[in-house]
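In the numbering used here, the protein residues as written are 8 to 502.
Input: a single structure, listed below in structure tokens.
Here is the structure:
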């Protein structure tokens, strides 16, 4: 019978190939048999603590095999996992823990918890060593929440996106078939668990009985080290944001024909500048290239295979919907846009989220009636359907931007700046950048002199690093339009 639950992918892989590598982390190798047994132990530990269906368990780990073990252990209890960014500031972590209503928080690797978890019980996965390694029998359905991923929120409060087993499985099944994943493949584990690209890394690998290679953090900032990791580990399927691939192409010391094991390069999360993509395709002539698109709320919902190197300045389509999904451009008056007409992209199908955790108002605003009575997610992205049926993005209908692959609400940055006692008013604007899609500029009116360093420290204590503005400018007043609204174009932003 076809697996319906994410942890059943692991169970099937362990039964078929128990000695096959499931996770590689440098010199460490965790086989599927070991991963299954260790995850079962964690599940029994959690069940003994009262975790199960309808609960949420936090994960706070550095990139490691233990993190993958803990993830599957949570799923085996029927609970949903909530991955926390290990690099996020303590105030933000504490807020997410409280908002998620965690039953407990799993950690590991001997790393002490350096931020307040409140009344939530903190458990090290090493405590599971003495637990039974047999598979626990726990009721669960494909419509149960599997994980909650937190994204930036316009009100200053991050939103928890609740995704079910069915949501993830629909994407995973499509990806395994489309890219012909097989047991001898080695997938890049470049995305942290709190980033939705990790869904492919972990679960598509298990679905194919393949191996996920955890990419060290240092390699993600040192292109030559990244090249060495790919070469040494024999990665065959690469998936990441384009900016990482751009750095590899520009500064990785690659020559045409290097990294010959790579047979597919998948990218998502931001625009891939055509000239950098063309360069990379020239360096990896034997690889298959694909642009994947989809907000966290829908997993991947469209894709476009790049068969020829694009010309400079060419706009790369986001392509057509994946199997079972419908993506329509809807005009402001509620009708389907004609080819060539701009509309907001609405996504319907099995990949669409359950909703936002404990936020019925935001859920109601994001989910709308879709084709055939299905629920559709309003992406906020504007798109155009080409005559050939493929879709092209045309910006946003709000102040949301992408930077370094992350979705950012500029309003959340402004909320943090507004909370500073010396800030009178402020605006955060996006400045287009060829490498990271957008850099963030904060323009601030203050009641007393403030240095950029003080403002950066204030933000760094409350926001993840990718949301801290790249520059701060103090001005006497913000420019305004005749309506009284801040004139963001005069500030140098997109909107």
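All C-beta atoms in this analysis are idealised placements derived from N, C-alpha and C, irrespective of residue type, glycine included.
Since this is a predicted model, take the numbers as computed values, not measurements.
Considered as a whole, the region 353-434 harbours 374-376, 382-392, 398-403, 407-410, 413-416 as its complete beta strand (DSSP E) runs of no fewer than 3 residues, in chain order. Across the structure, residue 333 and residue 369 are spaced so that their CA atoms are roughly 22 Å apart. Contact between residue 236 and residue 249 does not hold, since their C-beta atoms are separated by about 18 Å, which reaches or exceeds 8 Å. Within the same chain, Cβ atoms closer than 7 Å to the Cβ of residue 401 are found at 349, 389, 390, 391, the five residues on either side in sequence being excluded. Under the three-state reduction of DSSP output, residue 281 falls in the helix class. The C-beta distance from residue 65 to residue 89 rounds to 5 Å, short enough to meet the 8 Å contact threshold. Straight-line measurement puts the Cα of residue 295 at about 11 Å from the Cα of residue 316. With contacts defined by Cβ atoms closer than 8 Å, residue 310 and residue 326 form a contacting pair. Taking residue 201 as reference, the option from 271, 79, 68 with the minimal CA-CA separation is 68.
In the DSSP secondary-structure assignment, residue 90 is bridged to 66. With fewer than 16 other CB atoms across the displayed protein chains lying within 10 angstroms of its CB, residue 478 is exposed.
Beta-bridge partners assigned by DSSP to residue 310: 299, 327. Residue 351 is bridged by DSSP to 337, 389. In this structure, the alpha-carbon of residue 287 lies about 10 Å from that of residue 254.
Straight-line spacing of the CA atoms in residue 82 and residue 185 works out to 26 Å.
In terms of Cα proximity to residue 261, the closest of 168, 466, 291 is 291.
Within the region 85-149, the complete alpha helix (DSSP H) segments of 4 residues or longer fall at 97-107, listed in chain order. In the three-state scheme derived from DSSP, where H, G and I count as helix and E and B as strand, residue 247 is classed as strand. Looking at 220, 77, 457, 128, the one whose alpha-carbon comes closest to that of residue 14 is 77.
In this structure, 127 is the residue among 396, 207, 127, 323 with its C-alpha nearest to the C-alpha of residue 100. The beta carbons of residue 435 and residue 417 sit closer together than 8 Å. Its chain contains 14, 17, 46 as the residues whose beta carbon lies nearer than 6 Å to that of residue 79, once the 5 sequence neighbours on both sides are disregarded; these appear in chain order. Of the candidates 106, 43, 344, 43 places its Cα closest to the Cα of residue 140. Shown here, residue 261 sits in coil according to DSSP, grouped into three states, outside any helix or strand.
Here residue 210 is not near residue 306, since their CB atoms are 8 Å or more apart. Between residue 92 and residue 199, the CB-CB gap stays under 8 Å.
Rounded to the nearest angstrom, the gap between the Cα atoms of residue 395 and residue 324 is 11 Å. Here residue 496 is exposed: its Cβ has fewer than 16 other Cβ atoms, across all protein chains shown, within 10 Å. Under a 10 Å Cβ-count criterion, residue 192 is classified as buried, with 16 or more other Cβ atoms of the shown protein chains found around its own Cβ.
Here residue 242 carries a coil assignment [DSSP, helix/strand/coil]. For the pair residue 74 and residue 339, the Cα-to-Cα distance works out to about 44 Å. Residue pairing from DSSP places residue 439 in a beta bridge opposite 445. Considering only 358, 431, 498, the residue with the shortest C-alpha distance to residue 438 is 498. The region 270-286 makes no contact with the region 223-234: fewer than 3 CB pairs, one atom from each, lie closer than 8 Å. Nearest to residue 86 by C-alpha distance, out of 29, 183, 151, is 151.
DSSP, reduced to helix, strand and coil, places residue 475 outside both helices and strands of the structure shown, so it counts as coil.
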